[in-house]
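S.K.: Please see the structure below; I have some questions.
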Amino acid sequence: MPSDFCLEDDKIRELFDAAYFLMELENVHNVIKKCWADASHGSIPLPLAAWMNNFAVYSIAREIPPKFVYVCSNLAMNPEMTCKFFSKLSNKVDPRTLLSHARRFFMLAQVINDYGRTLIGKPMLDIQGVGVVCNIPECQCKFSLPKGLVPRGDLKGDEISESDKATGLSVFETMRDDLTNTRAIGMLEATKPLTCGCFTPVCDSFLFGARNFFSQIEPIASSRLVAALNLFFVTEQSATTTLGAKITRPHSRFRSIRLAIDFRNSLLPVMKSLDAMGPNCRRAKYWHEQLQKVRDGLEAYASEKMFDTYHTSPWIVGSHMTEILTAAFAFGYLVNSEWAVISSALHLYNAMRHGVTSTPRIPVFDDLSQVLIQSIFGAKLPERNFCSTFRRIVYHSKMEKTANADGKLYRLQAGLMNRPETMDIDSGFVDQHFSNHESGPLFQGQVLGIPYQPELGQKSYNKIEEARSKLTLSEYMEKAKSTALMDIEGPHPIARVNFFAVFTLCSKFLTKFGSLEKSFVPMDKFESLFADQTLRNDIFIGRCHAELLMESIDDFSNSKQGRRHLERMRSPRNAVQAFEEIDPETTLAQCMWNL
2 MPSDFCLEDD KIRELFDAAY FLMELENVHN VIKKCWADAS HGSIPLPLAA
52 WMNNFAVYSI AREIPPKFVY VCSNLAMNPE MTCKFFSKLS NKVDPRTLLS
102 HARRFFMLAQ VINDYGRTLI GKPMLDIQGV GVVCNIPECQ CKFSLPKGLV
152 PRGDLKGDEI SESDKATGLS VFETMRDDLT NTRAIGMLEA TKPLTCGCFT
202 PVCDSFLFGA RNFFSQIEPI ASSRLVAALN LFFVTEQSAT TTLGAKITRP
252 HSRFRSIRLA IDFRNSLLPV MKSLDAMGPN CRRAKYWHEQ LQKVRDGLEA
302 YASEKMFDTY HTSPWIVGSH MTEILTAAFA FGYLVNSEWA VISSALHLYN
352 AMRHGVTSTP RIPVFDDLSQ VLIQSIFGAK LPERNFCSTF RRIVYHSKME
402 KTANADGKLY RLQAGLMNRP ETMDIDSGFV DQHFSNHESG PLFQGQVLGI
452 PYQPELGQKS YNKIEEARSK LTLSEYMEKA KSTALMDIEG PHPIARVNFF
502 AVFTLCSKFL TKFGSLEKSF VPMDKFESLF ADQTLRNDIF IGRCHAELLM
552 ESIDDFSNSK QGRRHLERMR SPRNAVQAFE EIDPETTLAQ CMWNL
């Protein structure tokens with residue numbers, strides 16, 4: 002409701018909240034239409050357009066007013082009286098827009114309810130992970146309508162076509178089949194390394210809402226599900242009928258299959274590396290098993306022949322692509338974090354480019370250093386103190402006392418054989434999809450340009466909430482779209498990074514470097530059984546010597562004499578030789594997902 006509009010009666014206020022929200026949905030639909038028109042011309046990636054649909058559905062579910070169904074039903078059945086009521090109390094209500102949207106919601110609810118009646122007497126689905134299901138037919142969130150009830154007044158232009166009715170029934174039947182059987186994309190959803198088990202992840206919000214519908218004793222359309230069905234039709238019209246549209250049903254489905262195949266192909270060399278490390282590394286065995294599950298899911302998805310209306314919908318296909326990207330992001334950065342493969346290679350490359358003049362320039366390493374500058378380098382490429390920067394970021398090393406002839410000194414603990422910490426990496430695009438678009442202060446702060454500061458507690462949260470309250474849902478969606486787009490096509494497109502391709506690239510260097518340095522490992526530094534087993538793998542040796550070499554660069558690169566000494570040292574020469582394993586023609590595009 003507009004901030005300048007005040008009503009004393011809480012009940013009347015609730016009615017106007019619903020009326021204004023109904024009109025705001027027109028703006029939300031316009032945002033979605035623009036997204037799909039852009040996606041159909043290739044202006045924005047298909048996954049982002051689908052991400053916006055899911056963002057809209059979950060946002061509507063959170064913000065829809067309690068009297069929404071009541072207002073829609075009254076506008077549909079008593080149009081003149083209800084429009085007159087709203088028009089008398091506010092000049093900001095457009096009766097025509099209000100009536101048109103209310104009727105459409107009312108009739109879409111009838112389509113869903115007609116399908117629900119066909120399920121009476123059939124066994125209920127046993128759907129795992131569904132939250133609390135409302136089984137009260139008269140609940141204010143439900144369109145509990147008698148069969149055959151038709152809105153009053155002139156329906157010209159507002160009718161639901163017989164074709165759309167048939168499409169709606171077909172889509173719900175397909176979703177029911179999906180929930181009855183094993184979905185290939187569900188195999189990927191189940192593999193994601195969840196931090197909590199508080200919900201069952203489903204990659205498209207339409208199916209997520211349909212689960213509650215199918216879990217009811219008497220399936221009745223909720224306002225949230227009707228909003229999702231309406232967005233389904235909005236998407237279909239905008240994506241496939243836009244002049245010059247590049248999206249067709251089979252083509253969009255093939256795009257998600259191609260991404261699944263690309264992901265599978267990128268997994269194979271990484272799994273081969275893990276398999277080679279397996280005999281001497283339990284963690285390598287663990288991650289090989291996890292990636293095998295991912296690979297099985299990708300194989301199932303690529304071979305699944307689903308070309309019906311639901312599975313070829315651009316929204317659903319885009320949601321599947323987003324799910325594939327999310328799995329690739331989560332597993333990719335975690336596997337890299339396990340052995341600091343990317344960090345070791347890029348940190349050493351940066352240090353040697355500053356301190357060892359014979360280091361070859363590798364354009365793809367330069368580009369990756371910029372794309373990953375926040376998570377790998379802490380936002381800035383170091384120009385000195387290379388080793389301490391590496392230890393702080395990769396191992397979260399603390400200060401320790403050391404002794405020499407001059408007394409006690411302080412230095413950062415060496416990382417070497419410690420397990421690296423998980424990469425500090427963030428993508429709003431991925432995180433929002435992962436959490437079913439949870440409305441948290443971290444992402445809201447990113448969208449609004451007000452960074453969330455946990456140390457300030459409620460004060461920081463309130464500041465973000467206050468800024469959000471000044472925006473309509475459609476205005477906030479526009480800002481969220483811009484924020485998410487930066488993760489895909491901005492200067493740091495973190496969500497598109499193929500971490501498995503980067504792992505393969507960087508591990509090629511570390512493995513070669515480790516093999517050259519293998520006979521020079523200072524075993525006196527590593528007395529544990531873990532170290533003894535680990536140092537049988539060249540990639541680990543490469544990482545350890547990368548740290549030792551960065552320490553040498555810090556010690557000797559500040560003078561001409563020191564730099565000459567570095568050039569003569571064995572380890573820098575071996576590192577240069579290992580860097581030559583990287584094809585200088587490799588491009589950043591080869592390390593990014595093709596969307």
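Just so you know, we're using my numbering here: the sequence shown kicks off at 2 and counts up by one.
All residues carry an ideal CB built from backbone N, CA and C; glycine is no exception.
(1) Determine the direct distance from the alpha carbon of Ala103 to that of Cys592, and round the result to whole angstroms.
(2) What residue range is occupied by the uninterrupted alpha helix (DSSP H) comprising Val577?
(3) DSSP beta-bridge partners for Val133?
(4) Can you say whether Cys73 is buried or exposed, counting buried as having 16 or more other CB atoms within 10 angstroms of its CB?
(5) Below 8 Å on the Cβ atoms is my contact criterion, and I expect Gly356 with Phe501 to pass it. Report the Cβ-Cβ distance as a whole number of Å.
(6) For a test of the three-state rule: what should DSSP assign to Met24, helix, strand or coil?
(7) Would you tell me roughly how many angstroms separate the C-alpha atoms of Leu292 and Met272, rounded to the nearest one?
(8) Give the DSSP-derived three-state secondary structure of Met307 in the structure shown.
(9) For the segment 134-154 against the segment 64-84, do three or more pairs of beta-carbon atoms, one drawn from each stretch, fall closer than 8 Å, so that the two count as touching?
(10) For Lys513, list the residues DSSP reports as bridge partners.
(11) Opposite Val498 in the DSSP bridges: which residues?
(12) Cβ of Met176 within 8 Å of Cβ of Leu208?
(13) Quick check on Lys464: does DSSP put it in helix, strand or coil?
(14) Just to confirm, is the Cβ distance from Leu49 to Pro80 under 8 Å?
(15) Three or more beta-carbon pairs under 8 Å between the segment 321-337 and the segment 469-486, yes or no?
(16) Residues in the same chain with beta-carbon distance under 7 Å from Leu146, minus the five sequence neighbours each way, listed in chain order, please.
(17) If I'm right that His289 touches Leu275 with Cβ under 8 Å, what's the distance once you round it to whole angstroms?
(18) Leaving out five residues before and five after Ser376 in sequence, what residues of the same chain have Cβ atoms less than 6 Å from its Cβ?
(19) Between the alpha carbons of Cys545 and Trp37, how many angstroms are there, rounded?
(20) DSSP on Ser239, reduced to helix/strand/coil?
(21) Please name the residue in Phe504, Leu120, Val172, Asp205 whose C-alpha comes closest to that of Ile317.
(22) What does the alpha-carbon distance come out to for the pair His566 and Asn559?
(23) Is Leu99 near the ligand ZN, with its Cβ less than 7 Å from a heavy atom?
(24) Using the Cβ count rule (16 or more neighbours within 10 Å means buried), how would you classify Ala328?
(25) I need the DSSP call for Lys143, collapsed to helix, strand or coil.
(26) Could you give the DSSP three-state label for Ile262: helix, strand or coil?
(27) State the DSSP-derived secondary structure class of Ser171, mapped to helix, strand or coil.
(28) Using 8 Å as the Cβ pair cut-off and three pairs as the minimum, do the segment 223-232 and the segment 339-359 touch?
(29) Quick one, which of Ser171, Val522, Thr512, Lys35 has its alpha-carbon nearest Thr242's?
(30) Excluding the 5 residues flanking Leu503 on each side, which residues of the same chain have their C-beta closer than 6 Å to its C-beta?
(31) Comparing alpha-carbon positions, which option in Leu443, Arg212, Leu472 lies nearest Gly458?
(32) Please report the distance separating the alpha-carbon of Lys12 from that of Phe234.
(33) DSSP state of Ser224, grouped into three classes?
(34) Hey, how far is the Cα of Ser164 from the Cα of Phe510?
(35) Note down the Cα distance separating Ala240 from Val172, rounded to an integer number of angstroms.
M.R.: Concretely, from the data shown:
(1) Roughly 48 Å between the two C-alpha positions.
(2) Unbroken alpha helix (DSSP H) run through Val577: 571-580.
(3) According to DSSP, Val133 bridges with nothing at all.
(4) So Cys73 counts as buried.
(5) About 30 Å; that fails the 8 Å criterion.
(6) Residue state, collapsed to three classes: helix.
(7) When the Cα atoms are used, Leu292 and Met272 turn out to be separated by approximately 7 Å.
(8) Looking at Met307 - three-state DSSP - the assignment turns out to be coil, as it is neither helix nor strand.
(9) Two segments are said to touch when three or more pairs of C-beta atoms, one from each, lie closer than 8 Å; by this definition the segment 134-154 touches the segment 64-84.
(10) Note: Lys513 sits in no beta bridge, so no partner.
(11) Val498 is bridged to Met593.
(12) Yes, these two residues count as a Cβ contact at 8 Å.
(13) Reduced to three states, the DSSP call for Lys464 is helix.
(14) No. Outside cutoff.
(15) In short, these stretches do not touch, since the Cβ pair count stays below three.
(16) Excluding sequence positions up to five before and after Leu146, its CB lies within less than 7 Å of the CB of Ala110, Gln111, Asn114, all in the same chain and listed in chain order.
(17) Right, their Cβ atoms sit about 4 Å apart.
(18) Short of 6 Å from the beta carbon of Ser376, and not among the five residues preceding or following it, lie these beta carbons of its own chain, in chain order: Met424, Asp425, Ile426.
(19) Cα-Cα distance, rounded: 49 Å.
(20) Ser239: helix per DSSP, three-state reduction.
(21) Minimum Cα distance to Ile317 is reached at Asp205.
(22) For His566 and Asn559, the distance between alpha carbons rounds to 11 Å.
(23) Among the ligands in the structure shown, none appear at all, so the ligand ZN cannot be discussed.
(24) Buried is the call here.
(25) In this structure, Lys143 counts as strand in the three-state DSSP scheme.
(26) DSSP, reduced to helix, strand and coil, places Ile262 within a helical segment of the structure shown.
(27) It is helical.
(28) The segment 339-359 and the segment 223-232 do not touch, with fewer than three beta-carbon pairs separated by less than 8 Å.
(29) That would be Lys35, whose Cα lies nearest to the Cα of Thr242.
(30) First, the amino acid is wrong: residue 503 is Val here, not Leu. The residues are Ile343, Cys592.
(31) Of the candidates Leu443, Arg212, Leu472, the one whose C-alpha sits nearest the C-alpha of Gly458 is Leu443.
(32) Answer to the nearest angstrom: the Cα atoms are 33 Å apart.
(33) In the structure shown, Ser224 sits in a helix (DSSP, three-state: H, G or I).
(34) Here the alpha carbon of Ser164 sits roughly 58 Å from the alpha carbon of Phe510.
(35) Near 17 Å, if we compare the C-alpha coordinates of Val172 and Ala240.
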